[in-house]
Amino acid sequence: MKFVNRSAVVTGGAGRVGRPLCEKLCDHGVAVAIADLDLAKAEELAAALHARGGQARAYPLDVTSTESVNAMARSVLADFGRVDILINNAGVWKRQLLSEMSEAFWTMHIDLNLTGTFRVTKAFLPGMQAAGYGRIINLSSIAGEVGLPYFGAYAAAKAGVIIFTKTLAMELAKQGITVNCVSPGMIGDAPNPTKTTWVERYGLGHEVADLLVFLASDDTSFITGVDYTIDGGRILGPRYADV
Ligand SMILES: NC(=O)c1ccc[n+]([C@@H]2O[C@H](COP(=O)([O-])OP(=O)(O)OC[C@H]3O[C@@H](n4cnc5c(N)ncnc54)[C@H](O)[C@@H]3O)[C@@H](O)[C@H]2O)c1
351 MKFVNRSAVV TGGAGRVGRP LCEKLCDHGV AVAIADLDLA KAEELAAALH
401 ARGGQARAYP LDVTSTESVN AMARSVLADF GRVDILINNA GVWKRQLLSE
451 MSEAFWTMHI DLNLTGTFRV TKAFLPGMQA AGYGRIINLS SIAGEVGLPY
501 FGAYAAAKAG VIIFTKTLAM ELAKQGITVN CVSPGMIGDA PNPTKTTWVE
551 RYGLGHEVAD LLVFLASDDT SFITGVDYTI DGGRILGPRY ADV
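In this text, residue positions in the sequence shown follow our numbering: the first is 351, and each later residue adds one.
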């Protein structure tokens with residue numbers, strides 16, 4: 351995989367998917383901005399990446415605040431000069447039936463997961479357009495593809511992320527900027543067994559990170575507007591017999 355002197359921003363970079371993603375990008379020589387609500391965790395990761403020869407810096411970020419997003423973007427652009435790769439990975443999901451959900455609960459999910467993606471993208475888009483190069487990758491979810499009981503607000507936000515991705519991909523296609531989407535399902539801290547995926551285990555953060563790194567590379571200039579499911583077969587046909 352090729353990365354020619356690239357720099358990246360990973361929102362939610364200190365989490366389960368973000369951490370292996372930042373590690374792998376650093377291993378490819380990419381300078382990585384780890385932007386997270388949990389600054390202590392982001393700083394700890396940046397120090398660990400530095401220790402193994404990577405170029406990484408931590409930045410405080412709350413994707414629900416335009417002020418925080420713009421302050422992060424200003425700092426990253428001042429430190430790195432430009433940003434070639436943006437991975438909108440920060441996300442939050444909480445459990446509640448739609449019939450019992452408050453408007454505040456609904457709005458929080460839409461604001462953080464969907465509008466947060468819009469805010470951060472807007473902050474970095476002018477630089478990518480000026481450079482005529484960019485890789486934007488948004489994290490959706492299988493919940494956004496097929497729905498998920500108890501997670502209706504999150505699912506609606508993530509469905510919005512998919513259509514945001516496809517629309518932006520069309521709008522930017524002639525400007526050297528690709529926009530794609532990755533939709534995981536059932537990602538855990540261990541490959542614990544489960545009958546709810548056809549591979550009969552949970553996925554791991556580093557497995558999602560491998561797909562994200564590929565999409566972030568210089569090699570994917572003809573891939574845009576695609577939503578990649580990565581779920582061990584979770585949303586394939588129903589299980590009616592063991593095979
Ligand atoms: N883990 C799964 O099973 C799963 C499944 C489908 C989709 N996803 C999506 O993948 C992405 C990464 O998930 P994960 O498993 O690494 O989650 P995680 O909870 O481990 O990490 C999320 C990170 O986002 C940060 N964050 C939370 N709110 C923030 C805010 N307002 N501003 C900035 N950062 C904030 C957290 O501090 C955390 O470091 C998310 O978008 C999630 O919706 C995860």
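Yeah, the Cβ is synthetic: ideal placement off N, Cα and C, and Gly gets one too.
Ligand 1 and lysine 391: does any heavy atom of the ligand fall closer than 7 Å to the residue's C-beta? Position 41 of the sequence shown, counted from the first residue, corresponds to residue 391. For ligand 1, at least one heavy atom lies less than 7 Å from the Cβ of lysine 391.
(message) Check for me: the beta strand (DSSP E) holding glycine 484 runs from which residue to which?
(response) Here residue 484 is taken as the residue at index 134 of the sequence shown, counted from 1. Residues 484-489.
Along the chain, which unbroken stretches of the beta strand (DSSP E) at least 3 residues long are found entirely within the region 364-405? 381-386
When we look at the beta-carbon of alanine 507 and count the other beta-carbons within 10 Å, is it buried (16 or more) or exposed? Working through the sequence shown from its first residue, we reach residue 507 at position 157. With at least 16 other beta carbons inside 10 angstroms of its own, alanine 507 counts as buried.
_Alpha-carbon spacing of glutamate 373 relative to asparagine 420, whole angstroms_ = Looking up residue 373 in the sequence shown gives position 23. Looking up residue 420 in the sequence shown gives position 70. One C-alpha to the other measures close to 25 Å.
Does isoleucine 537 come out as helix, strand or coil in the three-state DSSP assignment? By one-based count along the sequence shown, residue 537 stands at place 187. Looking at isoleucine 537 - three-state DSSP - the assignment turns out to be strand.
request  = Confirm the yes/no value for this check: CB of asparagine 542, any heavy atom of ligand 1, distance under 7 Å.
outcome  = Counted from its first residue, the sequence shown places residue 542 at position 192. No, ligand 1 has no heavy atom inside 7 Å of this Cβ.
Exercise. Which term fits methionine 478, buried or exposed, when burial requires 16 or more other beta carbons within 10 angstroms of its beta carbon?
Worked result: Numbered from its first residue, the sequence shown carries residue 478 at position 128. With 16 or more Cβ atoms within 10 Å of its Cβ, methionine 478 is classed as buried.
Quiz item: Leaving out the 5 sequence neighbours to the left and right, which residues in its chain are closer than 6 Å to aspartate 388 when beta-carbon positions are compared?
Solution: The residue you call residue 388 lines up with position 38 of the sequence shown. Result list for aspartate 388: Ala364, in chain order.
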